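Chains as they are written, first to last, in the numbering used here: chain B, 1 to 406; chain H, 407 to 812.
For reference, the structure discussed in these notes is given below.
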């Protein structure tokens, strides 16, 4: 795929190339109420101002729906459905094309350019969607296997149900935060001596604070209660994808999770990246996923094998002794790990549950996260400069635990 | 406590006595948009019409907040906080008192009485709150013990963490429905032969459909992320209580719940009663709960031992061969069971996981629920007629599973 050329200067290494056009919620000094925008290179195109100033006049299909661009979340836009998302994204993309079909709308309209093209560094980012249910899955086969080996050995690493169905649980929707929000280390019950026969918990700050590198997917089409979505219809229900860091308190989790699953070990915060990359932007990177050697029941069997996307994911950890760099119904994938040592998507796996220290670039060592640590997730599709489709950063910094005076 | 006397005829056996005054959301032929009301006896007092027609003119503290009575949920009213709930409830209660302080407002105002006092049978009930997170606990000691005995025997019935912390998980907020809504039997993966060594799931309708008798509590005061609520402040955060039926697909649950907890086995529906009984109405029934023989860590240790409420709970099951009677951030308690055979709050316990049939009043037998079965939960505080404080019914009827043509 040859990179699309734009009259706007976009760094060829930008994850927000013309091939992307992700949607987010911004506020600015001039328009302090949160409202929708798209990102391109180092700019946001302010969709509220753009629609108010008749930027969509060439797109008659969107006329009756323009109020969605003045909403504080993308829910109303998402609800318009994928055919509308596609038309809007392609129209906005076309406005930035060299020799595009509508040069008068933006390229040759200095007044509208000045009013709507805002440097990203001047935009405050907000949660892109109002989230009423947050469901987190366990879809990363390598992660499930690695964690299983840690706790049950290689013979019984995967639970019997794992390859038959998508194992998942509900997370806390109200503690999902946008990239850049600090995360306070949680307090909770941990076992003072997990190996002891008598289990005696103490109240303590978490000492095994971990990350989980995941993708999150937003739903755009509701389903009716009691009416399941057929698997071939599922893509119509998906709005777009973000990076997701499902922060985890491993010591709290180990004690609390039997029998109802993780709870306070996850509730203290989940960070997502600010820009929603639409499914259409990912389609060129569709690929076949890891093969399942277990035959799936028909209701889960996707006829279309190319229903995964090739995304290069990475995690970086910045300690507080270094300088930090901050930029301003969700379905989480579960931690995504590869097969090699450097491809493990959480510290639990990386450090063999705290037994093996890892050495960071600056020489510092870690088993789990320390106060002041900043974790950044990134993800990008493609390798051709000028045509990258990525997510922006998903950043969180660990604040010390609350001191409770009990 | 002597029953309060009212000029309004209220059946002395009504759970909505003058001592209760529960809040709910109704719609009527005349006012089809859902809006708040309180229940008293066989009537709803329509708070939207009541506030519009200056019913609150004697209550100056509520003047600036009257728009909460025209909202489609009780969230805005709840957000006003417990001191306001108390004033509003006591004011409304006083209006119905024989020789009350404000006879001109309602008792002697025929026009307002006719406009606002509506027979409950003419009111359609709606979900009382918009629920963004639904957390379900496992607080019923007898239930946890009984279920533990079923699966692990009496020696290891309770997990090591059980008496140290409130075990809980997140349920699906969007599938919480109001009493009277039919519940469709779910399809899902179940083991064709659970005893076999090789675990082979089949796709099937649930064959072990169960109920769970619980209480639900609504939150009225938000907490800030990273700032825990001290246990002595918890009551300020509680709005009121409803009955809750956490329908459970036991065969789906048994296969899916390791290691992340219950998911699709619970997601298909949770029924709550329509009327929220305020905490103040329950206070006269405050009592000491079941003693915990394990010393709690200080952050969970309630100084006030009378933080439980004495509520008589019951379940009734009506089969489809009989006539059915239907009337119109949530915290579930977990199933509530007593110690005797007849005090088991779910069929899993009642039938020893399907091994022992129970015989219903009409002679029909059940292990788990059949299509067309209607389950009704009730709950009431007190035993003195004319002073009962109850919840109304929490009703759901089982519809047959969706037939998937795979």
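Beta carbons are placed, not taken as given, at the ideal position from N, Cα and C, and that holds for glycine.
As the structure is a computational prediction, the values presented were derived from the model and not from experiment.
{"Check": "Contact residues within the stretch 617–640 of chain H, judged by C-beta distance below 7 Å to chain B", "Outcome": "631, 632, 633 and 634"}
{"Check": "Range covered by the alpha helix (DSSP H) that runs through residue 270 (chain B)", "Outcome": "Looking at the DSSP string, residue 270 (chain B) is not in any alpha helix (DSSP H); the run it does join, the beta strand (DSSP E), is 270–272."}
{"Check": "Any beta strand (DSSP E) of 3 or more consecutive residues that is wholly inside the stretch 134–165 of chain B", "Outcome": "134–137"}
{"Check": "Residue closest to residue 99 (chain B), alpha-carbon to alpha-carbon, out of B:268, B:45, B:4 and B:184", "Outcome": "B:4"}
{"Check": "9 Å Cβ cutoff, residue 168 (chain B) in contact with chain H", "Outcome": "yes"}
{"Check": "Residue 585 (chain H): first and last residue of the uninterrupted alpha helix (DSSP H) it sits in", "Outcome": "Per DSSP, residue 585 (chain H) belongs to no alpha helix (DSSP H) and is neither H nor E."}
{"Check": "Start and end residues, alpha helix (DSSP H) containing residue 84 (chain B)", "Outcome": "82–96"}
{"Check": "Entirely enclosed beta strand (DSSP E) segments - the stretch 654–708 of chain H, minimum 3 residues", "Outcome": "676–678"}
{"Check": "Reference residue 337 (chain B), options B:82, B:403, B:139 and B:123, closest by Cα", "Outcome": "B:139"}
{"Check": "Residues near residue 421 (chain H) in its chain [Cβ-Cβ closer than 6 Å; skip 5 each side]", "Outcome": "786, 794 and 796"}
{"Check": "Residue 721 (chain H) burial status per 10 Å Cβ neighbour count (16 or more: buried)", "Outcome": "buried"}
{"Check": "Extent of the continuous beta strand (DSSP E) run through residue 397 (chain B)", "Outcome": "394–399"}
{"Check": "Inter-stretch contact (C-beta, 8 Å, three-pair minimum) for the stretch 133–153 of chain B and the stretch 224–232 of chain B", "Outcome": "no"}
{"Check": "Rounded C-alpha distance that separates residue 703 (chain H) from residue 558 (chain H)", "Outcome": "27 Å"}
{"Check": "Exposure of residue 561 (chain H), with buried meaning 16 or more beta-carbon neighbours within 10 Å", "Outcome": "exposed"}
{"Check": "Distance CB(residue 58 (chain B))-CB(residue 91 (chain B)) smaller than 9 Å", "Outcome": "yes"}
{"Check": "DSSP three-state assignment for residue 26 (chain B), whether helix, strand or coil", "Outcome": "strand"}
{"Check": "Cβ contact (3+ pairs, closer than 8 Å) linking the stretch 415–431 of chain H and the stretch 44–58 of chain B", "Outcome": "no"}
{"Check": "Contact under 9 Å by Cβ, residue 798 (chain H) with residue 784 (chain H)", "Outcome": "yes"}
{"Check": "Separation of residue 469 (chain H) from residue 516 (chain H), as counted between CA atoms", "Outcome": "23 Å"}
{"Check": "Classification of residue 809 (chain H) by the beta-carbon crowding that lies within 10 angstroms, buried from 16 upward", "Outcome": "exposed"}
{"Check": "Whole-Å CB distance - residue 130 (chain B) paired with residue 40 (chain B), under 8 Å assumed", "Outcome": "With a Cβ gap of about 25 Å, residue 130 (chain B) and residue 40 (chain B) do not count as contacting."}
{"Check": "C-alpha distance - residue 728 (chain H) paired with residue 168 (chain B), whole-angstrom precision", "Outcome": "Note on residue 728 (chain H): pLDDT 42, under 50, position unreliable in the model; no value is reported."}
{"Check": "Classification of residue 757 (chain H) by the beta-carbon crowding that lies within 10 angstroms, buried from 16 upward", "Outcome": "buried"}
{"Check": "Residue range of the alpha helix (DSSP H) that includes residue 481 (chain H)", "Outcome": "481–485"}
{"Check": "Reference residue 25 (chain B); option with closest CA among B:349, B:374 and B:128", "Outcome": "B:128"}
{"Check": "Residue 29 (chain B) classed as buried or exposed, judged by whether at least 16 other C-beta atoms fall within 10 angstroms", "Outcome": "exposed"}
{"Check": "Span of the alpha helix (DSSP H) around residue 349 (chain B)", "Outcome": "347–350"}
{"Check": "C-beta atoms of residue 715 (chain H) and residue 647 (chain H) nearer than 9 Å", "Outcome": "yes"}
{"Check": "Contacts of residue 43 (chain B) in chain H (Cβ-Cβ under 8 Å)", "Outcome": "Here the premise fails: no neighbours, minimum Cβ distance about 31 Å."}
{"Check": "Span separating the alpha-carbon of residue 438 (chain H) from that of residue 724 (chain H)", "Outcome": "31 Å"}
{"Check": "Rounded C-alpha distance that separates residue 477 (chain H) from residue 47 (chain B)", "Outcome": "30 Å"}
{"Check": "Cut-off 8 Å between Cβ atoms - residues of its own chain near residue 35 (chain B), not counting five sequence neighbours on either side", "Outcome": "25, 26, 27, 46, 47, 48, 69, 70, 71 and 72"}
{"Check": "Interface flag, residue 292 (chain B) vs chain H, CB-CB below 9 Å", "Outcome": "no"}
{"Check": "9 Å Cβ cutoff met for residue 332 (chain B) and residue 244 (chain B)", "Outcome": "yes"}
{"Check": "Residue-level contact to chain B via CB, residue 565 (chain H), 9 Å cutoff", "Outcome": "yes"}
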